[in-house]
Amino acid sequence: MNDMSRVERAVEIKQTKMECRDCHVYYGDTHAIKNVNVDIEDKTVTAFIGPSGCGKSTFLRCLNRMNDTIAGARVEGSFMLDGEDIYDKRVDPVQLRAKVGMVFQKPNPFPKSIYDNVAYGPRIHGLARNRAEMDEIVEKALRRGAIWDEVKDRLDAPGTGLSGGQQQRLCIARAIATEPEVLLMDEPCSALDPIATAQVEELIDELRQNYSVVIVTHSMQQAARVSQKTAFFHLGQLVEFGETGQIFTNPEDPRTESYITGRIG
Amino acid sequence: MTDLTPDAAPGRRHGGSLLTLDARTRRRNRAEARFRAYGIGAILIGLLMLVVLVVTIVSRGTGAYTQTFVTLDVELLENKLDKKGTRDIEAIKKVSTFGYTPLINAAFETAAQKAGIETALKPKDQAAILSKSAAAQLRDYVLADPSRIGQTVSFRFLANSRVDGYLKGRVTRESIANDKSISAEQLDFVDQLIAAGMIRKTFNLDFILGSDASDQRPEAAGMGVSMVGSLFMMLVVLVLALPIGVAASIYLEEFAPKNWLTDVIEVNISNLAAVPSIVFGILGLAVFINYMHLPMSAPLVGGLVLTLMTLPTIIISTRASLKSVPPSIRDAALGVGASKMQAVFHHVLPLAAPGILTGTIIGLAQALGETAPLLLIGMVGFIASNPPDGIAAGLLSPNSAMPAQIYEWAKRADPAFYERAWGGIIILLVFLVTMNTLAVILRRRFERRW
Ligand SMILES: Nc1ncnc2c1ncn2[C@@H]1O[C@H](COP(=O)(O)OP(=O)(O)OP(=O)(O)O)[C@@H](O)[C@H]1O
Ligand SMILES: [Mg+2]
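Protein sequence lines, in the order shown, are assigned to chains B and Z.
The opening position of the first sequence corresponds to residue 225 in the working numbering, with each subsequent residue numbered one higher.
The opening position of the second sequence corresponds to residue 2 in the working numbering, with each subsequent residue numbered one higher.
This is the structure in structure tokens:
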């Protein structure tokens, strides 16, 4: 509506789901994100990589306005979801977060039962009309979170009693139970063993059929395995953004190359 | 290797054996041992003080829980109480307590004869070992059941405080040398009655449940009515301070923008917690009584004043327990699309609840033991002699409170009241310990790990 590029991109096969232009984020006086432009495509996995402290999480949190809850954080620029500005005054962040779900770096299940953890989102959004429907939603989410077999016999047990990796998969199940259109994942596998990681990566690949997924990761291999697009951040700036294959085999910027080959970060 | 010189070069560390301690390690170990000794010493001092406190209170206060009673058969003479024999209640009411004294005197005379007690005391002086409330007790009995007139009924009368003190060892023949209210002959008579099994010291429930009594009758004074006063005050505090305090803390902690105004509010709440309680008392006097014209000495006013006093405690502890809920829980709730309020009420508040309850109970316990503000709104010095009938009366009619009652007794001249003050302290402490234990249990029970 306000941008020529959208018209151009419409010609491509993949549609742009989120469009971020001239984005800046400040924490008080710290300029954490400097003039970032990124397009998140629909039905695509986008990976954010970069050294620690470069602003990946910060930028990710902008995409569902989780930065609103941080005192002193200020976000500038335009963030469009399906052509609508998510920072518009009329937008209720609660509705936005139902569409743009999030999985956090540290597993953070509610200190409630496994069932209630997953059922909470659907319940507050009124997605189930009765207990049977809710049971179905919960089972489906847990299955897709690759944790159903481990917890199906103890749905009433507290979610906090699971192992770290199980907790993270529970959190993923919780996030997808509300059927978001975009799923943001901040280092979802940092607490997982290789098997669970593989399961989550499989899950991400499956989610790609219907949603767009944005994943922050410190593992180059993971980024290469699961993503189609990769964005490399460095010191708050977006250094390079493009096809994952191209970023990993033929980076344009020397900084990207040094990072990927392990010389910075 | 064993003969480490004190000025061993720092570089020697690498070479030394693990089986010998170097000077630095030995010094550090000594410092640690010293610190432990200080710590244990501090704890022992604390424990010693606690033991002294408890032993003193128990040894001085338990006396108040037993009381000396005189068992006596009284003939309810018809010609004294109901001359016409009509059993007309109005006519019987005309006989004042004064009219009942001859019955008691007579009862002593008969009892002495029956038990074969030889005494030079006149019946009037024999009867003087009873509490001044004896005649009233008799009259109340007769008015409640006039059909008993003409019969002989066995009564249990309170002995007066001197006799009670004599049985408890507080009063001796030496100590009454200048005492006009009791004589050595009367004590002899008491001894004889004890031998005859007519005077007994037993547990006295009335001290816990009964009402306060005037200066002349320490033996009849009890904590009950002031306990009711305290309970009504606590009710007011709970009903007002808990919701107001929790609402204020939730707003400040979770919703309020962080700016200079909320900083000012925060600092002032902390300051409020440090304001001496008597200041709240004078505030209550000025605002609730002089301006709003609420009744003096009413538990409602006391409760309002104590609410002001308790609010900062509740707010501070509630905010602390809200703060201790990990932010990741809020993120989790917001992340699945819960509103701020849903995040707080569904997730944060349940996790903070044990802390809030503990803070509230501790705040209530503080308020329960508070005396100074009650001084200014007239709850101290009031003789709480009638239990309130109903909730409205409980809130609005003048009453005392437990600590005020204790202070009142401690102030009175008669040593018998002094004993009751200690006894009252035991009741107060039982309440406080119960509340604190409850707080600990609640915290243990609802504590959750995340
Ligand atoms: N709540 C905050 N308040 C102030 N500064 C913050 C806050 N969160 C992040 N920052 C700063 O913003 C910058 C970017 O942080 P961010 O968490 O986005 O990094 P990151 O790329 O996610 O790092 P990591 O890979 O270690 O998770 C850092 O310099 C950090 O110190
Ligand atoms: Mg991060």
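Using N, Cα and C, we set each Cβ at its ideal position, and we do this for glycine too.
Quick caveat, the model's predicted, so the values are computed rather than measured.
If you measure between the beta carbons of residue 241 (chain Z) and residue 286 (chain Z), is that distance less than 9 angstroms?
As a first step, residue 241 (chain Z) is located in the second sequence; it is residue number 240 there, counting from the start. As a first step, residue 286 (chain Z) is located in the second sequence; it is residue number 285 there, counting from the start. No, the Cβ-Cβ distance between residue 241 (chain Z) and residue 286 (chain Z) is not below 9 angstroms.
With a threshold of 8 angstroms, are at least 3 pairs of Cβ atoms found where one atom belongs to the region 117 to 124 of chain Z and the other to the region 32 to 41 of chain Z?
No: fewer than three Cβ pairs fall under 8 angstroms.
Return yes when at least one heavy atom of ligand 2 lies under 8 angstroms from the C-beta of residue 281 (chain B), else no.
Locating residue 281 (chain B) in the first sequence gives position 57, counting from the first residue. Yes.
So, with DSSP's three-state summary, where would you put residue 111 (chain Z)?
Translated into the one-based positions of the second sequence, residue 111 (chain Z) becomes position 110. In the structure shown, residue 111 (chain Z) sits in a helix (DSSP, three-state: H, G or I).
Write down every uninterrupted run of the beta strand (DSSP E) in the region 118 to 194 of chain Z whose length is 3 residues or greater and which is fully enclosed by it, in chain order.
DSSP runs (the beta strand (DSSP E)) wholly in the region 118 to 194 of chain Z: 153 to 159.
Thinking C-alpha only, which one of Z:30, Z:228 and Z:165 is nearest residue 407 (chain Z)?
Looking up residue 407 (chain Z) in the second sequence gives position 406. The candidate whose alpha carbon is nearest that of residue 407 (chain Z) is Z:228.
To the nearest angstrom, report how far apart residue 480 (chain B) and residue 463 (chain B) are at their CA atoms.
Here residue 480 (chain B) is taken as the residue at index 256 of the first sequence, counted from 1. Here residue 463 (chain B) is taken as the residue at index 239 of the first sequence, counted from 1. So the two alpha carbons sit approximately 7 angstroms from each other.
Can you list, in chain order, the residues of its chain whose CB lies under 8 angstroms from that of residue 55 (chain Z), leaving out five sequence neighbours each side?
The residue given as residue 55 (chain Z) occupies position 54 in the second sequence. None.
Whole runs of the beta strand (DSSP E) within the region 389 to 471 of chain B, excluding any shorter than 3 residues
The qualifying runs are 406 to 410, 436 to 440, 453 to 458 and 461 to 467.
Name the two residues that bound the continuous beta strand (DSSP E) containing residue 272 (chain B).
As a working note, residue 272 (chain B) is residue 48 in the first sequence. Its beta strand (DSSP E) spans residues 269 to 273.
Rounded to the nearest angstrom, what separates residue 166 (chain Z) and residue 142 (chain Z) at their Cα positions?
As a working mapping, residue 166 (chain Z) is identified with position 165 in the second sequence. As a working mapping, residue 142 (chain Z) is identified with position 141 in the second sequence. In a straight line, the C-alpha of residue 166 (chain Z) is about 27 angstroms away from that of residue 142 (chain Z).
Can you give me the Cβ contacts of residue 390 (chain B) inside the same chain, cut-off strictly under 7 angstroms, excluding the 5 residues immediately before and after it?
Looking up residue 390 (chain B) in the first sequence gives position 166. If you ignore the 5 residues before and after residue 390 (chain B), its C-beta comes within less than 7 angstroms of the C-beta of 371 and 374, all in its own chain and listed in chain order.
Compare the Cα-Cα distances from residue 134 (chain Z) to each of Z:358, Z:222 and Z:400 and report the closest residue.
Numbered from its first residue, the second sequence carries residue 134 (chain Z) at position 133. Of the candidates Z:358, Z:222 and Z:400, Z:222 places its Cα closest to the Cα of residue 134 (chain Z).
Give me the chain Z residues within the contact set of residue 344 (chain B), using Cβ-Cβ distance strictly less than 7 angstroms, ordered along the chain.
Here residue 344 (chain B) refers to the residue found at position 120 when the first sequence is read from its first residue. 337, listed in chain order.
Could you tell me which of Z:426, Z:180, Z:150 and Z:446 sits nearest to residue 57 (chain Z), measuring between CA atoms?
Locating residue 57 (chain Z) in the second sequence gives position 56, counting from the first residue. Minimum Cα distance to residue 57 (chain Z) is reached at Z:426.
Exposed or buried, which one is residue 294 (chain Z) when buried takes at least 16 other CB atoms within 10 Å?
Translated into the one-based positions of the second sequence, residue 294 (chain Z) becomes position 293. With fewer than 16 other Cβ atoms within 10 Å, it is exposed.
On the CB-based measure, 16 or more other CB atoms within 10 Å of its CB, does residue 453 (chain B) come out buried or exposed?
In the first sequence, the residue the question calls residue 453 (chain B) occupies position 229. Classification of residue 453 (chain B): buried, given that the 10 Å Cβ count is 16 or more.
Could you tell me the boundaries of the alpha helix (DSSP H) in which residue 244 (chain B) lies?
Reading the first sequence from its first residue, position 20 is the one you call residue 244 (chain B). For residue 244 (chain B), there is no enclosing alpha helix (DSSP H); the enclosing beta strand (DSSP E) covers residues 240 to 251.
Give the DSSP bridge partners of residue 308 (chain B), in chain order.
On the first sequence, residue 308 (chain B) is found 84 positions in, with the first residue counted as 1. In the DSSP output, where bridge partners are listed per residue, residue 308 (chain B) has B:305.
Buried or exposed: residue 289 (chain B), going by 16 or more other Cβ atoms within 10 Å of its Cβ?
Counting from one through the first sequence, the residue named residue 289 (chain B) turns up at place 65. Burial call: buried.
Can you tell me whether residue 51 (chain Z) is buried or exposed? The criterion is at least 16 other CB atoms within 10 Å of its CB, across all chains shown.
Here residue 51 (chain Z) is taken as the residue at index 50 of the second sequence, counted from 1. Result: exposed.
To the nearest angstrom, how far is the alpha carbon of residue 378 (chain Z) from that of residue 401 (chain Z)?
The residue given as residue 378 (chain Z) occupies position 377 in the second sequence. The residue given as residue 401 (chain Z) occupies position 400 in the second sequence. Each residue's CA atom was taken as its position, placing residue 378 (chain Z) and residue 401 (chain Z) some 10 angstroms apart.
How would you list, in chain order, the residues of chain B whose beta-carbon sits under 9 angstroms from the beta-carbon of residue 259 (chain Z)?
Sequence index remark: in the second sequence, residue 259 (chain Z) carries index 258 (1-based). Within chain B, the residues near residue 259 (chain Z) are 295 and 296.
My output table needs one value for residue 261 (chain B): the three-state DSSP class, helix, strand or coil.
Here residue 261 (chain B) is taken as the residue at index 37 of the first sequence, counted from 1. Per DSSP, reduced to three states, the secondary structure at residue 261 (chain B) is strand.
Would you check whether ligand 3 has a heavy atom nearer than 8 angstroms to the C-beta of residue 410 (chain B)?
Ligands displayed in this structure: ligand 1 and ligand 2; ligand 3 is not among them.
For residue 315 (chain Z), I'd like the list of residues in its chain whose CB is within less than 6 angstroms of its CB, leaving aside the five on either flank, ordered along the chain.
Along the second sequence, read from residue 1 onward, the residue named residue 315 (chain Z) stands at position 314. Result list for residue 315 (chain Z): 242, 246, 360, 361 and 364, in chain order.
Starting from the beta carbon of residue 321 (chain B), find every residue of chain Z whose beta carbon is closer than 9 angstroms, and list them in chain order.
Stepping through the first sequence from its first residue, residue 321 (chain B) is reached at position 97. In chain order: 335, 336, 337, 338 and 339.
What do you reckon, is the C-beta of residue 327 (chain B) under 8 angstroms from a heavy atom of ligand 2?
Indexing the first sequence from 1 puts residue 327 (chain B) at position 103. Residue 327 (chain B) Cβ: outside cutoff for every heavy atom of ligand 2.
Any heavy atom of ligand 2 closer than 8 angstroms to the beta-carbon of residue 440 (chain B)?
Taking the first residue of the first sequence as position 1, residue 440 (chain B) is located at position 216. Yes, Cβ of residue 440 (chain B) sits closer than 8 angstroms to a heavy atom of ligand 2.
Could you check if residue 123 (chain Z) is buried or exposed, using at least 16 other CB atoms within 10 Å of its CB as the buried criterion?
Here residue 123 (chain Z) refers to the residue found at position 122 when the second sequence is read from its first residue. So residue 123 (chain Z) ends up on the exposed side.
Using a C-beta to C-beta distance shorter than 7 angstroms, which residues of chain Z count as neighbours of residue 389 (chain B)?
Numbered from its first residue, the first sequence carries residue 389 (chain B) at position 165. Simply none; closest approach about 17 angstroms.
Using a Cβ-Cβ cut-off of less than 9 angstroms, give me the residues of the region 391 to 420 of chain Z that come near chain B, in sequence order.
Per Cβ criterion, the list is empty.
Give the C-beta separation of residue 450 (chain B) and residue 429 (chain B) to the nearest angstrom, bearing in mind that I take them to be a contact with Cβ-Cβ under 8 angstroms.
In the first sequence, counting from the first residue as 1, residue 450 (chain B) sits at position 226. In the first sequence, counting from the first residue as 1, residue 429 (chain B) sits at position 205. Separation of the CB atoms of residue 450 (chain B) and residue 429 (chain B) is rounded to 6 angstroms, and the pair is thereby assigned contact status at 8 angstroms.
Return the first residue and the last residue of the beta strand (DSSP E) that residue 326 (chain B) is part of.
For the purposes of this step, residue 326 (chain B) is identified with residue 102 of the first sequence, where counting begins at 1. It spans 324 to 327 - the beta strand (DSSP E) in which residue 326 (chain B) sits, taken as one unbroken run.
For residue 64 (chain Z), count neighbouring C-beta atoms within 10 Å of its own C-beta (all shown protein chains included) and say buried if the count is 16 or more, exposed if not.
As a working note, residue 64 (chain Z) is residue 63 in the second sequence. Answer is buried; the Cβ neighbour count reaches 16.
Taking the alpha carbon of residue 215 (chain Z) as the reference point, which residue from Z:445, Z:414 and Z:444 has its own alpha carbon closest?
Looking up residue 215 (chain Z) in the second sequence gives position 214. It is Z:414 whose Cα lies nearest to the Cα of residue 215 (chain Z).
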